[in-house]
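K.L.:
Top to bottom, those sequences are chains A and B. Here the first sequence is numbered in the numbering used here, starting from 8 and rising by one per residue. Here the second sequence is numbered in the numbering used here, starting from 8 and rising by one per residue. Glycine included, each C-beta is placed from N, C-alpha and C at the ideal position. Provided herewith is a single structure, encoded as structure tokens, for subsequent inquiry.
Protein chains: 2
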Amino acid sequence: MTEGLFDAPGARPTVLPFDVEDPRLARAAWSRLAEPGDVVAGALVGQLGPAGALQWLARAARDPVAAARALGSSVPEGQTTGSPARPSAGARLAASVERWAPRLENLDPRRELHVLRRYGGALLTPGDDGWPAALDDLGAAAPFALWVRGRSDVGALAARSVALVGARASTSYGEHVAAGMASGLADRGFTVVSGGAYGIDAAAHRGSVAADGVTIALLAGGVDRFYPQGNHDLLRRIAEDGGAVVSEVPPGSAPFRQRFLARNRIIAALSSATVVVEAAWRSGALSTARRAAELLRPVGAVPGPVTSMASAGCHGLLRDGVATCVTDAAEAAELAGDLGSDAAPVRQGRGDVVDGMDDVGRSLWDALPVRTPAALESVARTAGRTVRETLAGLGRLELDGHAVQEGGGWRRAEPTNR
Amino acid sequence: MTEGLFDAPGARPTVLPFDVEDPRLARAAWSRLAEPGDVVAGALVGQLGPAGALQWLARAARDPVAAARALGSSVPEGQTTGSPARPSAGARLAASVERWAPRLENLDPRRELHVLRRYGGALLTPGDDGWPAALDDLGAAAPFALWVRGRSDVGALAARSVALVGARASTSYGEHVAAGMASGLADRGFTVVSGGAYGIDAAAHRGSVAADGVTIALLAGGVDRFYPQGNHDLLRRIAEDGGAVVSEVPPGSAPFRQRFLARNRIIAALSSATVVVEAAWRSGALSTARRAAELLRPVGAVPGPVTSMASAGCHGLLRDGVATCVTDAAEAAELAGDLGSDAAPVRQGRGDVVDGMDDVGRSLWDALPVRTPAALESVARTAGRTVRETLAGLGRLELDGHAVQEGGGWRRAEPTNR
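Structure below.
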């Protein structure tokens, strides 16, 4: 349907070495051309289709102004990596073309797919069985494709999932909590999603693996290179042992800072809920939490000592009302799951002798002497109860083994066999 | 005005050894007759005045049925220490009379006032300059009087106050936080209110004392006996050194369990805000927090390690939305104070080289090689920016000392003097 958009007389045909009309190849190409979260690219692909947008770009690269004019203002305004002064849609599109065009050189997604296949991976694009529909909530910021190593039914795996994210500079407390929470979530059939980084991410993945659970690691760089190096074995185990290592950028892409931040939106959108285990004030995990909240996903934060800077970001989320306080796997599951089966159990304190007593019983218990029995009237006066109330109440306490009559008076029963 | 209520022919006059018409003596008497929080007594005193209610009781003690009938249903239904099946107002009043009447024996508040004066204390009743008007929010559950040792301008002291409450079975973490928060609140001119108990209460009082602040200890028993014994020196120091030790029950009253729970409502009502520092699931501090919330006072909870049972109650308050997460004195002050001068400072993270950069700058910074300079076009392609954006952006980075030109290319500046 986009044929002829730039078929001005004498226009040279697009020269790309692969079948541009193949939507999977075209999406793979877009995941290379545009930086993650580029909503101008997302809107263009949404409007023209991945193949049509690619053809449009190949031609526009030679005449950006005409290309922008041909599309007019039909590319919607969106949130991109905006500069302070927001240019018009046409100017933004032209600037975008200028940004994407240099990457048309040597563009060939078949090469990257070949690398992926060599690692036993698979490409997921929207419409595939394994594609997680939850990512559609990202709109124009949705990834063009997912490059996956390990299980490729990412959509099914993520349908019941919790993102456990947090600081790389974690404490042993945070790692302990993350691993335990991940194991508990795995036991409850939840997939644990995280970013494969050091610290909380790694502890979360490890906790899930240790409980034979399913875990998904979302990398900021290509899945051909497990980054960071120190987590290589962990990520390989995830990919080979029932989990998935996933990226929106093709093999060969380096994990830049902006890609980390953009990657966080996928963690947030993919997971049924996001829980921040430990995060300092500037932690990237906070951006994941805020994206999740924007996407109306439940957000939890694990508290920690107020003396620990590694928990300050979590406390900030709690103070701002962005996150619910989450202290264990049951509460994380409740956040993500159905209210019925996944509801966290109501807390029960230690049993106490007065637990089963009503107010009269408690006041009588308080008034009863421990050793030397007291007269009924004395107990009543001390407790501030009527003689009738006191008589009836002491009778109940006696039946329950809490009070005894002795020498015409009353005292507490010995605390044996309680 | 209540004269003649029971002046049936032949009725014996009331025999009480003190001037029943003295409203201060009558209130002191009621604080001995009724258990703390007895709303039937509160309603009766509210309706007949303390002296009238006392005369009514003295006569009703001899004929409870006629007394109840004379008042009819004019004593409002209230929340008292209710038994499961709620009796009628008349029956409840009759039962109350039966409860209060035994304490008429030997009733003489002049004796208790004498004890109080011996300790240099003062009695506060509603209408006194020192009476805290905030207690009126308790309605029929308001105390009849306050027995005070130390500064008697309790109302003025409590006008800008934070209750710091928590577990007796505290951890060193909780005590550390309580003491630090109390000192910080004292520095900000807040009175610290607490219950004088071991653990968090004592740490809070101590923190305020250490910062030369004002602190109020609200005891569950009489102020003649500083309970618990281990806090005797602390409580004496509070009473003698610019603070106040306060109780609603007269000297000689023992600190029963029910009186602790009832006392908590006064802490909640008296303070501008209540912050729970550490509390297990069944801690009485949680009742203080919930009472404060019912009274529409701001409530805070200090988080702690989720592995610490001593913080579980705080986390429960956060989960239930009863409390705001509070991590330091500034946030506690913000909770209690005016939004203007007491607002907690916005958190600032550590400085980072990319802090002052916009998105273009950050992506260029990521793309810049650390050592070997790269060509402008290469930096642009790596960053996914246009050549124009890249040129302008690198110029800004160079000006800010973050990027250098070298041999026709660009690289990051050395991280010296940053």
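(1) Within 10 Å of its beta-carbon, does His121 of chain B have 16 or more other beta-carbons around it, so buried, or fewer, so exposed?
(2) Kindly give me the distance between the Cβ atoms of Ala286 of chain B and Gly307 of chain B, rounded to whole angstroms, as I take these residues to be in contact under 8 Å.
(3) Could you compute how far the alpha carbon of Gly259 of chain A sits from the alpha carbon of Arg232 of chain A?
(4) Chain B partners of Val309 of chain A, CB-CB under 7 Å?
(5) Report all residues from its chain with a CB closer than 6 Å to the CB of Gln412 of chain B; omit the five preceding and five following residues, and keep chain order.
(6) Is the separation between the beta-carbon of Arg264 of chain B and that of Thr295 of chain B shorter than 9 Å?
(7) So, for Phe197 of chain B: in the same chain, excluding its five sequence neighbours on each side, which residues have a beta-carbon less than 7 Å away from its beta-carbon?
(8) Tell me the residue span of the alpha helix (DSSP H) that contains Arg38 of chain B.
(9) Using only CA atoms, which one of A:Gly127, A:Gly408, A:Leu131 lies nearest to Ala33 of chain A?
(10) Contact check, Val283 of chain A vs Ala330 of chain A under 8 Å by CB: the rounded distance?
(11) Could you check the C-alpha separation between Gln355 of chain A and Pro310 of chain A for me, to the nearest Å?
(12) Give a yes or no on whether the minimum CB-CB distance between Leu198 of chain B and chain A is below 9 Å.
(13) What separation, rounded to the nearest whole angstrom, lies between the Cα atoms of His183 of chain B and Ala211 of chain B?
(14) Checking contacts by CB at 9 Å: is Ala420 of chain B closer than that to chain A?
(15) In three-state DSSP terms, what is Thr379 of chain B?
(16) Can you name the start and end residues of the beta strand (DSSP E) that Glu413 of chain B belongs to?
(17) From the DSSP output, in three-state form, read off Thr132 of chain A for me.
(18) Would you say the beta carbon of Ser103 of chain A is closer than 8 Å to some non-hydrogen atom of the ligand SAH?
(19) Does DSSP classify Trp154 of chain A as helix, strand or coil?
(20) Grab the span of the alpha helix (DSSP H) containing Val171 of chain A for me, first residue to last.
(21) Could you name the residues of chain B that Asp373 of chain A contacts, counting a contact when the two beta carbons are closer than 7 Å?
(22) Less than 9 Å between CB atoms is the rule here; does Gly391 of chain A satisfy it with respect to chain B?
(23) Tell me the DSSP secondary structure of Ala224 of chain B in three-state form.
(24) Of all the options B:Ala149, B:Gly391, B:Gly173, which has the alpha carbon lying nearest to the alpha carbon of Trp430 of chain B?
(25) In the DSSP assignment, the beta strand (DSSP E) including Trp288 of chain B goes from what residue to what residue?
(26) Kindly indicate which three-state DSSP category Ser159 of chain B falls into: helix, strand or coil?
(27) Taking the straight line between their C-alpha atoms, what separation do you get for Gly187 of chain B and Glu421 of chain B?
(28) Using a Cβ-Cβ distance under 9 Å, would Leu51 of chain B count as near chain A?
(29) Any C-beta of chain A sitting closer than 9 Å to the C-beta of Thr295 of chain B?
(30) For Thr136 of chain A and Asp160 of chain A, which I take to be in contact (beta-carbon distance under 8 Å), what is that distance rounded to the nearest angstrom?
(31) CB-CB under 7 Å to Leu241 of chain A, same chain, minus the five flanking residues each way: which ones, in chain order?
(32) I want to verify the contact list: residues of chain B whose CB lies under 8 Å from the CB of Tyr180 of chain A, in sequence order.
(33) For Ala351 of chain B, which option in B:Gly191, B:Leu51, B:Arg39 has the closest C-alpha, if you only look at C-alpha atoms?
(34) Does the beta-carbon of Asp143 of chain B have 16 or more other beta-carbons within 10 angstroms, so that it is buried, or is it exposed?
(35) Taking Glu301 of chain A as the query, report the chain B residues whose CB atoms sit under 7 Å from its CB, ordered along the chain.
(36) At a CB-CB cut-off below 9 Å, which residues of chain A make contact with Ser370 of chain B?
P.N.:
On the basis of the coordinates in this document:
(1) exposed
(2) That pair is no contact at about 12 Å.
(3) 8 Å
(4) Val313
(5) none
(6) no
(7) Arg167, Ser168, Val169, Ala340, Ala343
(8) Position check: residue 38 of chain B holds Ser in this sequence, whereas Arg was assumed. Residues 30-40.
(9) A:Leu131
(10) 7 Å
(11) Below a pLDDT of 50, predicted positions are generally treated as unreliable, and Gln355 of chain A, at 48, falls in that range; no measurement from the model is reported.
(12) The residue asked about is misnamed: residue 198 of chain B is Thr in this sequence, not Leu. No, because no Cβ of chain A sits closer than 9 Å to the Cβ of Thr198 of chain B.
(13) 9 Å
(14) no
(15) coil
(16) 410-413
(17) coil
(18) Of the ligands one can find in the structure shown there are none, so the ligand SAH has no counterpart to examine.
(19) Assignment of Trp154 of chain A by DSSP, reduced to helix, strand and coil, places it in the strand class.
(20) Sequence check: residue 171 of chain A is Leu here, not Val. No alpha helix (DSSP H) contains Leu171 of chain A, which is instead part of the beta strand (DSSP E) from 168-172.
(21) Phe263, Arg264, Gln265
(22) yes
(23) strand
(24) There is simply no residue 430 of chain B to check, as chain B begins at 8 and stops at 425 in what is shown.
(25) That residue, Trp288 of chain B, is in no beta strand (DSSP E); it is neither H nor E in DSSP.
(26) Secondary structure at Ser159 of chain B: coil, using DSSP grouped into helix, strand and coil.
(27) 41 Å
(28) no
(29) No, its Cβ sits nowhere closer than 9 Å to a Cβ of chain A.
(30) It is Asp, not Thr, that sits at residue 136 of chain A in the sequence shown. At roughly 7 Å, the Cβ-Cβ gap stays under 8 Å, so Asp136 of chain A and Asp160 of chain A are in contact.
(31) Ala209, His212, Arg213
(32) Pro312, Thr314
(33) Of the candidates B:Gly191, B:Leu51, B:Arg39, the one whose C-alpha sits nearest the C-alpha of Ala351 of chain B is B:Gly191.
(34) When all chains shown are included, Asp143 of chain B counts as exposed.
(35) Within chain B, no residue has its CB atom less than 7 Å from the CB of Glu301 of chain A, the nearest being about 18 Å off.
(36) Glu42, Thr88, Phe263, Arg264, Gln265
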